[in-house]
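Student: Before I ask anything, here is the structure I am working with.
There are 2 protein chains.
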Amino acid sequence: MAGRSGLFFVSPLPAVAGRSGKGAGQAGLGPAPLNPQRTVGVCGYGPYLAGRAAPTGRFTRSCPFIVSTPVSTHRASISDLAAQLNLSVSTISRALSDHSSISDATKRRVWELARQLNYQPNQLAAALRKGRSNTLGVIVPHIDGHFFALVLKGIENVANQAGFNVMICQSNENAAHEKKNLDTLLNAQVEGILVSLSLTTKDVRHFEDVRRRDLPLVFFDRIPESPQVSAVVLDDYQGAYQAVEHLIGQGCRRIAHIGGPQHLNICRNRYRAYRDALQAHGLPYDEHLVYFCDLTLPDGLQAAEVLLGRNAPFDAVFAANDLAVAGAMQVLRAAGRRIPQDVALAGFSNELFTLLTEPHLTTVDQRCEEMGRTAVRLLLDMVADQTRQLPPRQIVLQPELLVRASSQRLGE
Amino acid sequence: MAGRSGLFFVSPLPAVAGRSGKGAGQAGLGPAPLNPQRTVGVCGYGPYLAGRAAPTGRFTRSCPFIVSTPVSTHRASISDLAAQLNLSVSTISRALSDHSSISDATKRRVWELARQLNYQPNQLAAALRKGRSNTLGVIVPHIDGHFFALVLKGIENVANQAGFNVMICQSNENAAHEKKNLDTLLNAQVEGILVSLSLTTKDVRHFEDVRRRDLPLVFFDRIPESPQVSAVVLDDYQGAYQAVEHLIGQGCRRIAHIGGPQHLNICRNRYRAYRDALQAHGLPYDEHLVYFCDLTLPDGLQAAEVLLGRNAPFDAVFAANDLAVAGAMQVLRAAGRRIPQDVALAGFSNELFTLLTEPHLTTVDQRCEEMGRTAVRLLLDMVADQTRQLPPRQIVLQPELLVRASSQRLGE
DNA sequence: TTGAAAGCGCTAACAG
DNA sequence: CTGTTAGCGCTTTCAA
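Residue numbers (UniProt numbering), protein chains in the order written: chain A, 1 to 412; chain B, 1 to 412.
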């Protein structure tokens, strides 16, 4: 199939194989031959260091990596056990799964041999036979960045606890890629799918296949606009509303907004909350104070520049994410604005770095892990429901406003 | 048996001939291309909002999510196709994989029906039969945080291009968990494994199983101390050495170090480079200027406090990672130290947030994606080698020092 | 160019 | 308590 391009694209330094420089009992140097007969030993070796000589020796540590001859490359199967014990494969199978109808004596024998032969069950075969892959699929826009990483952690925890593996796909914010991801998951026979839409997904018909197969499907965070789907989301509206209200409470009257792509539910809701909060407090909406972008760091920088250039004074910025507001802060400070005295700032997502900026950033926590856990629980409920008749459910998590120095103009 | 702790990380499979799709009559041969589809219903619905009433309607967008009754929940298999076309399963199988010995006419009929029935090959069955799962396994300490996320991205790219899926496990910095991860991967019949050791892994004997089975194994970044393994690492020594040398070049004479756990090769090498660089430039090593910890944010805060409290003046800090130095910076500034005039700072890893602090942090780039790509290429070479005789290789990537404001005391 | 048949490793009736 | 048997869906000889 796809060619394996075996070229190594490595930096100048040639590969260092079996480099040493240590005094300790070095076994093999250089291209170590395979099958060094049962060398069960301690070996130390130098650091991967280029150039400089190093006062080594004292930094090595013992390394009990056993190098034993591969006894047999053959993977023990259930029938190997059966043959060796003069039992039938079904007995072995049952013994291994601790079936009640197998005598303790037999079980013990089986387990012992399994241990000796280092038997590992073949999940593929079991899944094929049982018709259950014990695997869930997830499609996320990307994996780098705080939010999805934490959601995935939540998903993994609950799923694993329930005995499921999780297969992850990244759509790279690309709708076509997302579609392929879906095929991949279907081919892998996953038992249910979790999805957070890509930035460029404006058409969700590719999820119809899933539906047609009665395969449980749950969206989270970035979801399509249909009450017919099951979904878990944060109450972005609420979080944003609170953030803006907080800024108003600090005496801000001209609050700017850096918003994200409006076809995404999350960005739209944050923007809407911004408008509503202003209105609820009798403040006018001024479109000169609003800037839409993709919320990257460069976008944040540019947003601040544009806002400053518009000649529409503002005393606060609420951005739809933390990165944008962090970028904006740099530009604002460079322009001589004091934070929060001149301009108060609030972001969204509670990224780790909001505690690394000076001042720390006010933000809204998204309950990442909880979102993951909730979504997978919902999915597992659907998977467990044989009838496939469960009505779609939508679950809304409550965010938490975290007030920090970037927005505190009054004594707390 | 082995606990489930797997996260599969997958992406588009190599095109499977006769991929589904609906829409107008696709005539073409070969892997059916994505198809343009017509819009079908439109439905709008309110936002997931709790509490406040919202001026809905204007913010909804069209949603062509089709709600159709599940026609048949039965997944079409190869034998269904065979039955309907009066062909044998083997012919179908061959046609689907575009085998040369099948007539074009037959292929066309097969593909067409496959499309109609929305046939999706069962990977499990294929893998079982072929004895090849087309899956690689990866064990990382965690998935949140810049570094591993990017390495994984690199791994995914290359692996997918070569037609492999990737299964990810997180050890959560826990050696016991790492062991379970390994079982999970073995059970899933992966064809090769990539590992970056957990913080608490001091004994690597559990990888012996892998070796005994002749399963290709490549370590990256955090690796065991043995020349017998294949590994890809950054030249941490070189990167740290350059960073410290840079600080010296800026006029710093009393440079402190915040170091990580010394049983990890990466931390040890950074520390060693720190000492060597000092020595090479005739500066004394003073243990009062060194603080070891786990390099978290709180650790960084504490490190600075301890260093300040020791009454051993210092004019620079080189930390083994960015988080620690970012934390230290906060404490130092709070204590009235100007950065970089009083204390110059340098970290390690090139985290995104190094561009969000004030001033920006000098750091060392780790070539994350390249590390992932390189590691998986090495692994794929081993997988491709039927003989299993390839000698272990170690590849060293060169880091890049990124000088930023936190350490620039002289005009560039 | 197509078909028949034999499994991959495991599970689960159904019988003893 | 244990064994026999029949597949899960697919690939792959070997024959036609």
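All C-beta atoms in this analysis are idealised placements derived from N, C-alpha and C, irrespective of residue type, glycine included.
Note that the structure is a prediction, hence the values are computed from the model and not measured.
Starting from residue 291(A), trace the beta strand (DSSP E) in both directions and tell me its first and last residue.
Tutor: Residue 291(A) sits at position 291 when you count from the first residue of the first sequence. Element bounds for residue 291(A): 290 to 292.
Student: Taking only three categories from DSSP, how would you classify residue 165(B)?
Tutor: Counting from 1 along the second sequence, the entry for residue 165(B) is found at position 165. Strand, per DSSP.
Student: Quick check: is the beta carbon of residue 248(A) nearer than 8 Å to any beta carbon in chain B?
Tutor: Within the first sequence, the letter at position 248 stands for residue 248(A). Closer than 8 Å: no.
Student: CA-CA distance, residue 371(A) and residue 206(A)?
Tutor: The residue labelled residue 371(A) in the question sits at position 371 within the first sequence. The residue labelled residue 206(A) in the question sits at position 206 within the first sequence. Answer to the nearest angstrom: the Cα atoms are 24 Å apart.
Student: Less than 8 Å between the beta carbons of residue 232(A) and residue 374(A), yes or no?
Tutor: As a first step, residue 232(A) is located in the first sequence; it is residue number 232 there, counting from the start. As a first step, residue 374(A) is located in the first sequence; it is residue number 374 there, counting from the start. Yes, the Cβ-Cβ distance between residue 232(A) and residue 374(A) is below 8 Å.
Student: Given a cut-off of 8 Å on the beta-carbon distance, is the pair residue 290(A) and residue 316(A) in contact?
Tutor: The residue you call residue 290(A) lines up with position 290 of the first sequence. The residue you call residue 316(A) lines up with position 316 of the first sequence. Result no, Cβ atoms of residue 290(A) and residue 316(A) do not sit closer than 8 Å.
Student: Would you be able to state if there are at least three C-beta pairs under 8 Å between the segment 332 to 350 of chain B and the segment 272 to 285 of chain B?
Tutor: Touching, no, given that fewer than three Cβ pairs across the two stretches are closer than 8 Å.
Student: Measuring straight from C-alpha to C-alpha, what distance separates residue 284(B) and residue 255(B)?
Tutor: Within the second sequence, the letter at position 284 stands for residue 284(B). Within the second sequence, the letter at position 255 stands for residue 255(B). Distance between the alpha carbons of residue 284(B) and residue 255(B) is about 10 Å.
Student: For the segment 131 to 151 of chain B, list every residue whose C-beta sits within 7 Å of some C-beta in chain A, in sequence order.
Tutor: From the segment 131 to 151 of chain B, only 133, 143, 144, 146, 149, 150 have a Cβ closer than 7 Å to chain A.
Student: Where does residue 187(B) land, buried or exposed, given buried means 16+ other C-beta within 10 angstroms?
Tutor: Translated into the one-based positions of the second sequence, residue 187(B) becomes position 187. It counts as buried.
Student: Quick check on residue 357(B): does DSSP put it in helix, strand or coil?
Tutor: Position 357 of the second sequence, counting from 1, holds the residue named residue 357(B). Of the three classes helix, strand and coil, the one that applies to residue 357(B) here is coil, per DSSP.
Student: Only counting the same chain, and skipping five residues up and downstream in sequence, which positions put a Cβ closer than 6 Å to that of residue 244(A)?
Tutor: The residue given as residue 244(A) occupies position 244 in the first sequence. Taken in chain order, the residues that qualify are 274, 277, 318.
Student: Using a C-beta cutoff of 8 Å, does residue 373(A) count as contacting chain B?
Tutor: As a position in the first sequence, residue 373(A) is number 373, starting the count at 1. For residue 373(A), the answer is no, since every Cβ of chain B falls outside 8 Å of its Cβ.
Student: Classify residue 394(A) as helix, strand or coil using the three-state DSSP reduction.
Tutor: Numbered from its first residue, the first sequence carries residue 394(A) at position 394. Looking at residue 394(A) - three-state DSSP - the assignment turns out to be strand.
Student: What is the DSSP secondary structure of residue 103(A), reduced to helix, strand or coil?
Tutor: Locating residue 103(A) in the first sequence gives position 103, where the first residue counts as 1. Coil, per DSSP.
Student: Going by beta carbon distance, what residues of the same chain come within less than 6 Å of residue 179(B), once the five residues before and after it are set aside?
Tutor: By one-based count along the second sequence, residue 179(B) stands at place 179. These residues qualify, in order along the chain: 206.
Student: Using beta carbons (cut-off 8 Å, strictly below), is residue 107(A) in contact with chain B?
Tutor: What you label residue 107(A) is simply residue 107 of the first sequence in a count that begins at 1. Output row for residue 107(A): interface = no.
Student: Starting from residue 255(B), trace the beta strand (DSSP E) both ways and give me its first and last residue.
Tutor: As a working mapping, residue 255(B) is identified with position 255 in the second sequence. Residues 255 to 259.
Student: Ignore the nearest five residues each way along the sequence and tell me which others in residue 214(A)'s own chain have a CB closer than 7 Å to its CB.
Tutor: The sequence position of residue 214(A) within the first sequence is 214, counting from 1. Within the same chain, residue 214(A) has close Cβ partners 388.
Student: Could you compute how far the alpha carbon of residue 109(B) sits from the alpha carbon of residue 135(B)?
Tutor: The residue labelled residue 109(B) in the question sits at position 109 within the second sequence. The residue labelled residue 135(B) in the question sits at position 135 within the second sequence. Taking the straight line from one Cα to the other gives about 31 Å.
Student: In its own chain, which residues sit with a C-beta less than 6 Å from the C-beta of residue 137(A), not counting the 5 before and 5 after it?
Tutor: Counting from 1 along the first sequence, the entry for residue 137(A) is found at position 137. Closer than 6 Å at the Cβ level, and outside the excluded window around residue 137(A), lie 167, 185, 190, 193.
Student: Considering Cα atoms alone, identify which of 239(B), 391(B), 253(B) is closest to residue 282(B).
Tutor: Along the second sequence, read from residue 1 onward, the residue named residue 282(B) stands at position 282. Ranking 239(B), 391(B), 253(B) by Cα distance to residue 282(B) puts 253(B) first.
Student: Using a Cβ-Cβ distance under 8 Å, would residue 127(B) count as near chain A?
Tutor: Translated into positions along the second sequence, residue 127(B) becomes position 127. Closer than 8 Å: yes.
Student: Contact between the segment 95 to 108 of chain A and the segment 341 to 355 of chain A is defined here as three or more beta-carbon pairs at a separation below 8 Å; is this criterion met?
Tutor: No, the segment 95 to 108 of chain A is not in contact with the segment 341 to 355 of chain A.
Student: If we count the other Cβ atoms within 10 Å of its Cβ and call it buried at 16 or more, is residue 357(B) buried or exposed?
Tutor: For this step, residue 357(B) is matched to residue 357 along the second sequence. The residue is buried, with at least 16 neighbouring Cβ atoms inside 10 Å.
Student: In terms of residue numbering, what span does the alpha helix (DSSP H) encompassing residue 339(B) cover?
Tutor: Start at 1 with the first residue of the second sequence, and residue 339(B) comes out as number 339. Unbroken run through residue 339(B): none, as it is neither H nor E.
Student: Please tell me whether residue 362(B) and residue 407(B) are closer than 8 Å, where the distance is taken between their beta carbons.
Tutor: Working through the second sequence from its first residue, we reach residue 362(B) at position 362. Working through the second sequence from its first residue, we reach residue 407(B) at position 407. It is a contact, given that the beta carbons lie within the stated cut-off.
Student: I'd like to know whether the C-beta of residue 122(B) is nearer than 8 Å to at least one C-beta of chain A.
Tutor: For the purposes of this step, residue 122(B) is taken as residue 122 along the second sequence, with counting starting at 1. Yes, residue 122(B) counts as interfacial toward chain A.
Student: Comparing the C-beta of residue 209(B) with each C-beta of chain A, is any distance below 8 Å?
Tutor: As a first step, residue 209(B) is located in the second sequence; it is residue number 209 there, counting from the start. At least one chain A Cβ lies under 8 Å of residue 209(B).
Student: Output needed for residue 51(B): all residues of its chain with C-beta closer than 7 Å, excluding positions within five of it in sequence on either side, in chain order.
Tutor: Looking up residue 51(B) in the second sequence gives position 51. Here the model assigns residue 51(B) a pLDDT of 27, short of 50, so the residue's position is not dependable, and the following value carries that caveat. For residue 51(B), where only same-chain residues beyond five positions count, there are no Cβ hits under 7 Å.
Student: Can you name, in chain order, every residue of its own chain whose Cβ lies under 7 Å from the Cβ of residue 119(A), other than the five neighbours on each side?
Tutor: Within the first sequence, the letter at position 119 stands for residue 119(A). Same-chain partners within the cutoff: 76, 81.
Student: Leaving out five residues on either side along the sequence, give the residues of the same chain with a beta carbon under 7 Å from the beta carbon of residue 395(B).
Tutor: Residue mapping note: residue 395(B) aligns to position 395 of the second sequence, counting from 1. Cβ within range, chain order: 232, 374, 378.
Student: If residue 345(A) sits next to residue 364(A), beta carbons under 8 Å apart, how far is it from one beta carbon to the other, in whole angstroms?
Tutor: Locating residue 345(A) in the first sequence gives position 345, counting from the first residue. Locating residue 364(A) in the first sequence gives position 364, counting from the first residue. Their Cβ separation, rounded to whole angstroms, is 13 Å, which puts residue 345(A) and residue 364(A) out of contact at 8 Å.
Student: For residue 177(A), is the classification buried or exposed, using 16 other Cβ atoms within 10 angstroms of its Cβ as the cut-off for buried?
Tutor: Position 177 of the first sequence, counted from the first residue, corresponds to residue 177(A). Result: buried.
Student: Ends of the beta strand (DSSP E) at residue 217(B)?
Tutor: Here residue 217(B) is taken as the residue at index 217 of the second sequence, counted from 1. Start and end: 217 to 220.
Student: Could you work out which residues of chain B lie near residue 240(A), taking near to mean beta carbons separated by less than 7 Å?
Tutor: Looking up residue 240(A) in the first sequence gives position 240. Per Cβ cutoff of 7 Å: no residues; residue 240(A) is ~11 Å from chain B at best.
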